[in-house]
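In this text, residue positions in the sequence shown follow UniProt numbering: the first is 1, and each later residue adds one.
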Amino acid sequence: MTIQYTPMIQQYLEIKERYQDAILFFRLGDFYEMFFEDAKIAAKELEIVLTARDGGSNKIPMCGVPYHSVNNYIHKLINRGYKVAICEQVQDPKDAKGIVKREVTRVITPGTILEDYMLDESENNYLAAVVEYEQKFGLSYIDITTGDFWVTEYSGDNAYLEIENEILRIFPSECLISSPNTLIKDTKFENIISTNFNNVDYIEDFEQAKQVIKDHYKAEITEELNTNYSSTCIMSIAVIIKYLSETHKRSLKHIKQVKFYKESMFVELDFVTRKNLELIYNMKERKKDGTLYNIIDKCCTAMGKRNLKKWIEQPLKKIDDINKRLDAVEELRNNLILRTDTKKLLESIYDLERLVGRIGADIANPKDLLALKNSINKLPELADLYSSTHSEYLTKIAELDILDEISSFIENSINDDAPVIIKEGDIIKKGFNSEIDELRKLKEQGSQWLIEYEQKEKSKTGIKNLKVSFNKVFGYYLEVSKSNLHLVPDDYIRKQTLANTERYITEELKDFETKIITSKDKLFELEYKIFLQIRQKISENTSRIQKTAAQIAILDTLYSMSETAYINDYIRPQLNSEGTIEIKAGRHPVVEKTLANARFVPNNVDLNMDDSRFLIITGPNMGGKSTYMRQIALLVIMTQIGCFIPAEYANIGIVDKIFTRVGASDDLASGQSTFMMEMTEVANIINNSTKNSLIILDEIGRGTSTYDGLSIARAVGEYIHENIGAKTLFATHYHELTSLADEFEGMVNLCVSVLETGDQVVFLKKVLPGKADKSYGIDVAKLAGLPKEVIQRSNDILVHLENTNYYEYKQDITQLSLFNDDENIVVKEIKKINPDDITPKEALNLLYRLKGLV
Numbered sequence: 001m002t003i004q005y006t007p008m009i010q011q012y013l014e015i016k017e018r019y020q021d022a023i024l025f026f027r028l029g030d031f032y033e034m035f036f037e038d039a040k041i042a043a044k045e046l047e048i049v050l051t052a053r054d055g056g057s058n059k060i061p062m063c064g065v066p067y068h069s070v071n072n073y074i075h076k077l078i079n080r081g082y083k084v085a086i087c088e089q090v091q092d093p094k095d096a097k098g099i100v101k102r103e104v105t106r107v108i109t110p111g112t113i114l115e116d117y118m119l120d121e122s123e124n125n126y127l128a129a130v131v132e133y134e135q136k137f138g139l140s141y142i143d144i145t146t147g148d149f150w151v152t153e154y155s156g157d158n159a160y161l162e163i164e165n166e167i168l169r170i171f172p173s174e175c176l177i178s179s180p181n182t183l184i185k186d187t188k189f190e191n192i193i194s195t196n197f198n199n200v201d202y203i204e205d206f207e208q209a210k211q212v213i214k215d216h217y218k219a220e221i222t223e224e225l226n227t228n229y230s231s232t233c234i235m236s237i238a239v240i241i242k243y244l245s246e247t248h249k250r251s252l253k254h255i256k257q258v259k260f261y262k263e264s265m266f267v268e269l270d271f272v273t274r275k276n277l278e279l280i281y282n283m284k285e286r287k288k289d290g291t292l293y294n295i296i297d298k299c300c301t302a303m304g305k306r307n308l309k310k311w312i313e314q315p316l317k318k319i320d321d322i323n324k325r326l327d328a329v330e331e332l333r334n335n336l337i338l339r340t341d342t343k344k345l346l347e348s349i350y351d352l353e354r355l356v357g358r359i360g361a362d363i364a365n366p367k368d369l370l371a372l373k374n375s376i377n378k379l380p381e382l383a384d385l386y387s388s389t390h391s392e393y394l395t396k397i398a399e400l401d402i403l404d405e406i407s408s409f410i411e412n413s414i415n416d417d418a419p420v421i422i423k424e425g426d427i428i429k430k431g432f433n434s435e436i437d438e439l440r441k442l443k444e445q446g447s448q449w450l451i452e453y454e455q456k457e458k459s460k461t462g463i464k465n466l467k468v469s470f471n472k473v474f475g476y477y478l479e480v481s482k483s484n485l486h487l488v489p490d491d492y493i494r495k496q497t498l499a500n501t502e503r504y505i506t507e508e509l510k511d512f513e514t515k516i517i518t519s520k521d522k523l524f525e526l527e528y529k530i531f532l533q534i535r536q537k538i539s540e541n542t543s544r545i546q547k548t549a550a551q552i553a554i555l556d557t558l559y560s561m562s563e564t565a566y567i568n569d570y571i572r573p574q575l576n577s578e579g580t581i582e583i584k585a586g587r588h589p590v591v592e593k594t595l596a597n598a599r600f601v602p603n604n605v606d607l608n609m610d611d612s613r614f615l616i617i618t619g620p621n622m623g624g625k626s627t628y629m630r631q632i633a634l635l636v637i638m639t640q641i642g643c644f645i646p647a648e649y650a651n652i653g654i655v656d657k658i659f660t661r662v663g664a665s666d667d668l669a670s671g672q673s674t675f676m677m678e679m680t681e682v683a684n685i686i687n688n689s690t691k692n693s694l695i696i697l698d699e700i701g702r703g704t705s706t707y708d709g710l711s712i713a714r715a716v717g718e719y720i721h722e723n724i725g726a727k728t729l730f731a732t733h734y735h736e737l738t739s740l741a742d743e744f745e746g747m748v749n750l751c752v753s754v755l756e757t758g759d760q761v762v763f764l765k766k767v768l769p770g771k772a773d774k775s776y777g778i779d780v781a782k783l784a785g786l787p788k789e790v791i792q793r794s795n796d797i798l799v800h801l802e803n804t805n806y807y808e809y810k811q812d813i814t815q816l817s818l819f820n821d822d823e824n825i826v827v828k829e830i831k832k833i834n835p836d837d838i839t840p841k842e843a844l845n846l847l848y849r850l851k852g853l854v
C-alpha cells in the first residue's frame, strides 16, 4: 500500500533525500522541525519532546525547536558528531502559490563551523583531507574561520605513520578520506582522537581536481601552482574546496592562499613526545594547565594564542630563523615601556582573522564590521610605536598595512550603535545613502503624525487617557479604559477586549499604518541591500586584512615570550650547529612554577658529539631523573621556537628530532600491554632518529622480567650509541648498566644525589657525575606512608637477599647473549626464575638446589 503524504511532507522528503547523512532542520514559520528518524535522534540527543503530526495517511514522528534559540541545539548536535542541514524558507509566504519554496542553505559539520560561540578562540578548528593518488598521500587542512590553509604530501613505507602523527598534531574536528587504501581508514585514529572521519569520493581524477580549484579561485591553475604543488597535493586541496562548496553553498572569499610545507622544515615531535612533554595539553585531562604553553602564554589576542600553539608544536631548525625571533624577544624584553604600550594596544584589537573569515563567508553582521573598524583604528598607533625598533620582526610592524581606507569606509557607512540583526534597520549611517535618508525622514514624520493624531483624538472625544499603541498582531490601535467607553465615537471599530481596556482602530489610523509600514518595509529592505554591498566591498580586501592579522598574531606571540622571559628571569640561549647542548643552572619551566613553598633545584647538562653523547642517569624514584630529562628536552624546544629559557647560561646545538620514552601505561583501546607499548615506542625511536636527534629514554625494560629488561635496555643503549650516535639521556634502575660508561667512549654516568641522615633520606634533586649504588625504594615506600610493619619486613628481606648475593651475576653481563644456546643447566634453571614472585624461604631452598647442580 502506497503511503500518501501531505504536500509539505513530500517536499521535506525530496530535500531529505539529498542529505541522508545529516539531521535536517526544516523551517516552518518560527520553528525548525524534524521528522521521521531525524526527529527520534534529535529528541533523544536534545532532550526535547518527541510528538507526532499528520503527514497524510499516517501520523509521523516530529519534534521542533524555536528559530530564535536554534543555535544552542545545533551546537549540541555538532558536539556529538552529527551534521546539521539548515533548510530555510526562501520565498515570502505571501508570494507563494501553494507550498512555500524551501532550500538547504548550509550544512554545518564539526569541521565547517563559523560561529564563534561553538569554538574555542585559542584553538584552530581544522577540516582535514587525506587523498591517495599516484602512490603518494596528500594531506591538506583548513580552518575556515580564518582561511588558514595548508597542504603537504607523504610517500614511502612510513607514509601512514607520518600522516597519523601529523593528524594527531593538528587534531582536526573532521577528516575527509579519499583513498582505496584500507590503512588510511584504520580505526586506530578513533581510539586516540575525537575527530569525525568521513569517506568521500568527490574527486575522480586530476582534471576534475583542477576544475574544482579553478571554479573556486575563478582562474585557471597558474604556472606557480603547477610548479609548487604536486598532483597529489592538488587532489587533496580540491577535496576540501569541493566539500566546502557542498556544505556552505556559497563561495568563501577569504580562502585565498594555500601554503605548502614539509615536516622536515621543523623539528620532528611525534605524538608520544608531545604528550609526554605536555607541550600544549596535560596528560590527565587534555587541558592546558601544567603545560609549557600555559607557562609561555601571555598573549593578548586570540590570534596570538593560536600562533603560539603552532610555534610550540613546530620548532625551527635554521639558526638564522631562530635568531630573528630571539632578537625580537630580546628587544621587547629589554624595553618595559614598549611592552606596556604594546599590551595596551593588543588588548583592544579583536580577532581579525575570524572577523575576516565571517566577512568572507557572508555571515558578518554590523557589530562585526564595527569591531573590524575599531581594531583597524589602533593600527596607526601600533605602527608608530615600532618606528624606532631594530630587530627584523619588529621593524615589520612599523611597516604594517594600517588599512585606513577600510576603517574610513566603515566609519562613513555603519551606525556606531548598529544592531546585530541585519534585517531590522538602523544600520546605515545618515548621509551615506540619500534614499535611506528620505525613507527615515518619512518614518520620523510618521512618529510626529502619531503624536499629533493621539492629541487630536483626545480633544475630539474628551478621553484624556486615550493612547495610540502598536503591536505585531493588530498593528496600530487606540486604547480606551472601560470607564471611558461611553465617550467612544461611532467611527471607532472595536478590535480587542481586555480586562480593563478596549482596543479600537479607525479608517484614518489604518490608512496611516498601511503607508508607514510600507515605507518601513522598504527602508529595512534597502538598508539590508546596502549593508550587503558594504560587506561585499570590504570582502574584496580580505587578503590585506589577513596579512595584517598574521603580523599582529606574530607580534602578540613575541610579546608573550618576552613578557614570560621578563617575569621568570629567563636568559637568551646561544645557538650552535656542532650538536653541543650546554646548560648551566637550568630549570624546568613548568615544575618550578608548581612549587608553592620550595625552591626548584637547578641542574647543569653537558651533551656533545664526542665524549659526552650518552648520559646514563641512575638514582632513586622521586630523585628527579624524569624531571631532569624532560627539562632538557623542554629547554631545547623553547630555544628552537625562539624563546628565552630558565637557566643562567645555555648554548644549544640544533636538533632535528626529539623522541621520548617515559612513563608506563597500558593502551587498552589498542590491546597493547605496557611492555608492548614500550617496545613499540623504542622501535619507532631507533628506526627514525638520526645523529642530530635528542632522545629521552626513561626506565627501558622495566615492563618485563629483570633479565629480559636488563638485556633489552643494554642492547638498546649500545645500538643508539654505536649505530645512531644521537644525543641521549638514559635513565635506568639497572645499576649494572653503569658499566657501559667504562666500555664506550662518549657514555657518561650521572646520578641524582641523596642525603642520608640516620634512618632518614632526603632527595636533593641535584644531578651530579657518578653512579648510584642504591635504589632507595624502601625509603620511597616509607615516604608514601606504607605501614611500619611492611617497611621493617622489606628491610629484613633486602638484607637477607643482599647477604645471599641473590642478584649477583655469575657471568659478566657483557658476555651474555639473548641468542646463546650453549648454556649449562644452572643458567637454564636461573632463567626460569621470576624474582618478583619468590619468597625468601623459596629463594634459600633454590640456592641449595642450584649449589647441588654445580
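Heads up, the beta-carbon is just placed ideally off N, CA and C, and yes, glycines get one too.
Residue i vs residue j beta-carbon contact at 8 Å
i, j, result
"Ser562", "Val752", "no"
"Ile113", "Leu252", "no"
"Phe266", "Lys305", "no"
"Val90", "Ala22", "no"
"Asp610", "Glu582", "no"
"Leu24", "Asp38", "yes"
"Ile322", "Gly579", "no"
"Ile170", "Tyr217", "no"
"Ile255", "Gly147", "yes"
"Gly425", "Leu523", "yes"
"Ile406", "Asn541", "yes"
"Lys324", "Tyr229", "no"
"Ile654", "Gln640", "yes"
Counterpart residues of residue i in DSSP-defined beta bridges
i, result
"Arg102", "Gln89"
"Glu33", "Phe26 and Gly64"
"Val480", "Glu502"
For residue i, the first and last residue of its enclosing alpha helix (DSSP H)
i, result
"Ile406", "Asp404 to Ser413"
"Pro7", "Pro7 to Lys16"
Segment limits, beta strand (DSSP E) that includes residue i
i, result
"Thr618", "Phe614 to Thr618"
"Val752", "Met747 to Thr757"
"Phe149", "Asp148 to Tyr154"
"Ser459", "No beta strand (DSSP E) holds Ser459; the alpha helix (DSSP H) holding it covers Ser434 to Thr461."
"Lys76", "Taken as a continuous stretch (DSSP letters only), Lys76 belongs to no beta strand (DSSP E), being part of the alpha helix (DSSP H) at Val70 to Asn79."
"Val468", "Lys467 to Asn471"
"Thr627", "Where Thr627 is concerned, there is no enclosing beta strand (DSSP E), although the alpha helix (DSSP H) it sits in stretches over Lys625 to Gln640."
Assigned exposure category for residue i - 16 Cβ within 10 Å defines buried
i, result
"Phe819", "The predicted model places Phe819 with a pLDDT of 39, which falls under 50 and marks its position as unreliable; any figure quoted below should be read in that light. The residue in question, Phe819, is exposed, as its Cβ has fewer than 16 Cβ neighbours within 10 Å."
"Asn603", "buried"
"Tyr117", "exposed"
"Gly623", "buried"
"Ser670", "Its pLDDT being 48, under 50, Ser670 is placed unreliably in this model, and the coordinates cannot settle the point."
"Pro787", "exposed"
"Asp368", "buried"
"Lys83", "buried"
"Ala598", "exposed"
"Gln546", "buried"
"Glu164", "buried"
"Leu77", "buried"
"Asp822", "Low per-residue confidence applies at Asp822: pLDDT is 44, beneath 50, and the placement is therefore not dependable, though the value from the model is reported in the following sentence. Exposed, because fewer than 16 other Cβ atoms sit within 10 Å of the Cβ of Asp822."
"His390", "exposed"
"Leu498", "exposed"
"Gly98", "exposed"
"Ala549", "buried"
"Ser155", "exposed"
"Ile451", "exposed"
Exercise for the section: Return the chain-ordered ranges of every alpha helix (DSSP H) run that is complete within the stretch 311 to 388 and spans a minimum of 4 residues. Expected result: 319 to 333, 336 to 346, 352 to 360, 366 to 376 and 379 to 385
Exercise for the section: Entirely within the stretch 702 to 736 and at least 4 residues each: give me those alpha helix (DSSP H) ranges in chain order. Expected result: 706 to 719
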